[in-house]
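Asks:
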């Protein structure tokens, strides 16, 4: 039925009823009852075809509808959220009934007046029929005008909410002639949506279920015709995804003229000019409505009963806690993306306060003609003066999984400063030094615990703990992986302060990254999106004129579904372009979106050489060759020591001095000696290459080297800090005269006490280059003869292998005593697995992998290097307390350690962190009592890696308290690095100060501030080099696994939940999150949320394998493989009767096996080939 037919029917009904009324009134002396007036039926137009949908017929009060079948037998109320099947069909509301009655009364009185006038005219005029026809014609014309008006109004209001539409229809029916303008004003007023009333009205109108509707599972089903059009539209929008919803809204808005195309950007839709002010009012009303009502938890009918009980149990506690923590709640992202708006939102607590209630003194207004930085600084100064907050400075850290979140250390509180948007940090990047305004948190007050426990601050979980949980320091993480164990209830930890960046003091990040291009989006022809691999950097736009030439060539246009490919239909070129790794740089920002330019292509994804280079670029490590102009200034190799230098130094070329390093090492920067003195004591020497003799302070080479700061150890090779020619001149190779800096101790052999220490610049000539494997062989056979062993290296200067064996064992006897003294003092070591690979010499591909084994020979060298570093630290700080470069390590995060202790206690383990010694003893106690100590060590290493802070270099001027100087893990009050100047620039700085303290070289000219800046560079480069090395190991492990195929490995349970478990791969040190659906083919998880940690049962599909209850530290068998470039777990099963250890795996049968090696030294070398790190 069309609109015209529908309204024509209404007109005919009115004409017929009017005719009958006139005939009845014309009959004098008869009081026949009037025909009841037909009530007005409100019409809702269907969205698509315009077909009218009539509302359910109104039932008179005296009539009762037939009850639904079975309704009389069921007195129980309907389920929550369901309409009552026995309820009558909904009719007009009370308000509509009153309006209808008033309208009927007015119409009746008007009609009576007309009839009275007609009767009077009839008596006066004999030709009454003519007047009847004229009057009827007038009524018909009036009805036509009403029909036209109703058609116009109904087409105009298809999408308005049902309640508003009904009100307008009722009001329109009452408006005639001169009242139209007044009614239009009232109607515009009613268009201001009253959100709370709409919510209540929608609840009332949602029960449109009639008794005869079909049911599904016993629940009555609502028919489409029973829903008002506004509710139909709401349900349709809810079922669409975000893009579909946007398209539908834009299409409807364009049809009704509410929206229009952007005048410049034709692909963008904006609000039409005529509706701009209205849309802003609606937007504010909607935001205020959501702010006032808040977010309510969705009803989940499938929620477990125990979960409901748990939520009800916590409701009282959370209501009080929410009221207390409200001012400090997580700040919601403001809608208007300007720095000023976000600062005002933060300071005025915009989450709970509407915009109109913002305080003027807390609102960052328009700067006018004033400089933006000066305007902001003046505003912040007023905030500090009014004690709204305070200022801190420090390096910025960005959440590696969410580039919107960043943190700065706050010395005033146990938490950190949390900055929750890119604009609030003024687009600062990782590592930049920033000045931050921190808002005072008035809610940080002591509150009594409700359970009668200890009194503590009401705090919330540290956002940074959640942010960084998936990437603990020292742990290579793949696929997935928050490092969290199961805890029954959230416990209070440190609260982060909220703040914003006032200014960037120092830009340490170079604004460069590596990544790939994303497929082009619809309508985005003038730029393409570049996706950095570093998740701390947001996706950047690369404008068309900055795109690589390959993208501009029509023959190479990518065919990614959004734009055309090459003319011949070959999409290989386009696919290759999207898989090419590029190096890009951010050149500017548009609000919080970076605009970048492409510096150079690196290569195709997946190739080892390309991926290694991309890793170096990603971590901002410079490995470019030194310019020829600098290389020309280097001393020749081999270098001949001048006679005048020989006269200045102590000649130790006649001593038995030798090196112990990894078998593949070429940079030999330390050597050892030990001789028996006439008084029975030992003189033990550590001899370090004298690099600073060649690398002079302030030279052109020194300016280049200080920016690199460290050597970089990748799987495929070493990138040296120094030019290779200088490395060879300084390396303590056997049989060559070398310049050295020596530390000599007089030690009593009985107890290892140091009786005397001295420092000298010396000349040495090493007699042998031993590997760790050679030294270990000597320690394992202290009495065995090594004279005929062909595996031993060449020994010069008349010394023998047996003689070296005795010296090595003599050193070991002292090292054991030094180590015991350090352990008794509280030394703590947390070792992460270090992978080593055997590479194909022709292709560089990994053939096998193994785990680097630390043995007694490694510990021997470590003990004496630590002793040398401590001795030098004490000497330089005593001589130059203002410019000494030292190294400190702070205690772990107290709040995170508390969380770890509570977690372990919930699983039945006692853990103490009162000191570094207490942590080590707790780890040893748990591992000793466990069935699988290797699983315990792996899990505890991961759990402790996050709370532990990084050791840092610093200038002694900027340390004051003992905690500033101390090294927590080593339990040493003063420490530095001295023993590796070939690969660490920090050691070179220490050498210069030590030489000046002995009066044998000039005093360093760098100020404390300059030394501190160099310390910061060394800290950054050292940490980045470590991350690059870990990334390289993961790259080669993943490549090996993809070649070898699915492999079985040992894993240890780190945590578990309802549908997942978290594991540590013991030999690889990887943390993986395993979801139940991924292992459904081999096993299933049965989880019960019981106190305190939950119960998780691993049930194999194979019934011959008994189920096992998973707990923290449980050891399991896992099958891993590479899928889409990520390491995934495909199976988790309980341990078999004999669990393989597999330190080395051979995917290629043709490659020589480590187990088949006949030489014991070569056998050890297969397991231990790696670079040493102290």
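Numbering (the UniProt record's numbering), first residue to last: 1 to 1174.
All residues carry an ideal CB built from backbone N, CA and C; glycine is no exception.
#1: Taking only three categories from DSSP, how would you classify residue 280?
#2: Look at residue 742 and residue 760 and say whether their C-beta atoms are less than 9 Å apart.
#3: Since residue 239 is in the alpha helix (DSSP H), which residue starts that stretch and which ends it?
#4: The beta strand (DSSP E) with residue 541 in it runs from where to where?
#5: Could you name the residues of the same chain whose beta carbon sits closer than 7 Å to that of residue 358, not counting the 5 residues immediately before and after it, in chain order?
#6: Which residue or residues does DSSP assign as beta-bridge partners of residue 1179?
#7: Span of the alpha helix (DSSP H) holding residue 343?
#8: Who pairs with residue 658 in a beta bridge, going by DSSP?
#9: Spatial neighbours of residue 729 within its chain, please: C-beta separation below 6 Å, excluding the five flanking residues on both sides.
#10: Decide yes or no for the touch test of the region 875-892 against the region 954-973: beta carbon pairs closer than 8 Å, at least 3 of them.
#11: Looking at the strands, I want to know which residues DSSP matches up with residue 1040.
#12: So if DSSP puts residue 1048 in a beta bridge, which residue, or which two residues, is it bridged to?
#13: Kindly identify the DSSP beta-bridge partner or partners of residue 1087.
#14: Could you give the residue range of the beta strand (DSSP E) that holds residue 1060?
#15: Any heavy atom of the ligand FMN closer than 8 Å to the beta-carbon of residue 828?
#16: From the DSSP output, read off the bridge partner residues of residue 756.
#17: Determine the closest residue to residue 274 out of 257, 714, 542, with distance taken between C-alpha atoms.
#18: If you compare alpha carbons, which of 622, 392, 836 is closest to residue 1025?
#19: Label residue 422 either buried or exposed according to how many other C-beta atoms from any shown protein chain fall within 10 Å of its C-beta, with 16 as the threshold for buried.
#20: Name the two residues that bound the continuous beta strand (DSSP E) containing residue 917.
#21: Please work out which residues of its chain come closer than 6 Å, Cβ to Cβ, to residue 828, disregarding the five sequence neighbours upstream and downstream, and give them in chain order.
#22: Would you mind reading off the limits of the alpha helix (DSSP H) that contains residue 551?
#23: Within this structure, are the beta carbons of residue 997 and residue 953 separated by less than 9 Å?
#24: Please state whether the Cβ-Cβ distance between residue 1061 and residue 909 is less than 9 Å.
#25: Reducing DSSP to helix, strand and coil, say where residue 252 ends up.
#26: Please state whether DSSP places residue 529 in a helix, a strand or coil.
#27: Could you give the residue range of the alpha helix (DSSP H) that holds residue 877?
#28: Rounded to whole angstroms, how far is the Cβ of residue 380 from the Cβ of residue 362, which I believe are closer than 8 Å?
#29: By the DSSP assignment, the alpha helix (DSSP H) with residue 508 in it spans what residues?
#30: Assess contact between the region 1018-1034 and the region 1082-1099, defined as three or more Cβ pairs (one per stretch) separated by less than 8 Å. Is contact present?
#31: May I ask you to verify whether the region 499-508 touches the region 423-438, counting CB pairs closer than 8 Å and requiring at least 3?
#32: Report buried or exposed for residue 648, applying the criterion of at least 16 other Cβ atoms within 10 angstroms of its Cβ.
#33: Suppose you measure from the CA of residue 192 to the CA of residue 383; what does that come to, to the nearest Å?
#34: Any idea what DSSP makes of residue 946, helix, strand or coil?
#35: How far does the beta strand (DSSP E) with residue 623 in it extend, from its first residue to its last?
Replies: According to the structure shown:
#1: In the three-state reduction of the DSSP assignment, residue 280 falls in the helix class.
#2: Taking 9 Å as the Cβ cut-off, residue 742 and residue 760 qualify as a contacting pair.
#3: Under the DSSP assignment, residue 239 falls in the alpha helix (DSSP H) whose first and last residues are 229-239.
#4: Unbroken beta strand (DSSP E) run through residue 541: 540-543.
#5: Cβ-Cβ distances below 7 Å link residue 358 to 344, 348 in the same chain, with the five nearest sequence neighbours on each side left out; the list follows chain order.
#6: One cannot answer for residue 1179 here, as it falls past the ends of the chain, which runs 1 to 1174.
#7: Its alpha helix (DSSP H) spans residues 339-347.
#8: Residue 658 has 672, 768 as its beta-bridge partners, per DSSP.
#9: Excluding the 5 residues flanking it on each side, residue 729 has same chain C-beta neighbours closer than 6 Å at 635, 637, 639, in chain order.
#10: At 8 Å Cβ cutoff, the stretches touch.
#11: Residue 1040 is not bridged to any residue.
#12: According to DSSP, which records beta bridges pairwise, residue 1048 is partnered with 1119.
#13: 1096, per the DSSP bridge assignment.
#14: DSSP places residue 1060 inside the beta strand (DSSP E), whose first and last residues are 1060-1065.
#15: This structure does not include the ligand FMN; it has no bound ligands of any sort.
#16: As a beta-bridge residue in DSSP terms, residue 756 pairs with 746.
#17: Selection 257, 714, 542 evaluated against residue 274 yields 257 as nearest (Cα-Cα).
#18: In this structure, 622 is the residue among 622, 392, 836 with its C-alpha nearest to the C-alpha of residue 1025.
#19: Residue 422 is buried by the Cβ-count criterion.
#20: For residue 917, no beta strand (DSSP E) encloses it; the enclosing alpha helix (DSSP H) starts and ends at 916-929.
#21: Within the same chain, 916, 919, 920, 969 come within 6 Å of residue 828 by CB-CB distance, once the 5 residues on both sides are set aside.
#22: It spans 549-552 - the alpha helix (DSSP H) in which residue 551 sits, taken as one unbroken run.
#23: Contact check for residue 997 against residue 953 fails: the beta carbons are separated by 9 Å or more.
#24: No, the Cβ-Cβ distance between residue 1061 and residue 909 is not below 9 Å.
#25: In the structure shown, residue 252 sits in a helix (DSSP, three-state: H, G or I).
#26: In the structure shown, residue 529 sits in a strand (DSSP, three-state: E or B).
#27: Where residue 877 is concerned, the enclosing alpha helix (DSSP H) starts and stops at 856-879.
#28: Residue 380 to residue 362, Cβ: 12 Å. No contact.
#29: First-last for residue 508: undefined, no H or E at that position.
#30: Touching, no.
#31: Yes: at least three Cβ pairs fall under 8 Å.
#32: With fewer than 16 Cβ atoms within 10 Å of its Cβ, residue 648 is classed as exposed.
#33: The pLDDT assigned to residue 192 is 40, lower than 50, so where the model puts this residue is not dependable; a value taken from the coordinates is nonetheless given after this. Using only the alpha carbons, I get a separation of about 38 Å.
#34: The DSSP-derived three-state label of residue 946 is coil.
#35: From DSSP, residue 623 is part of no beta strand (DSSP E); its letter is neither H nor E.
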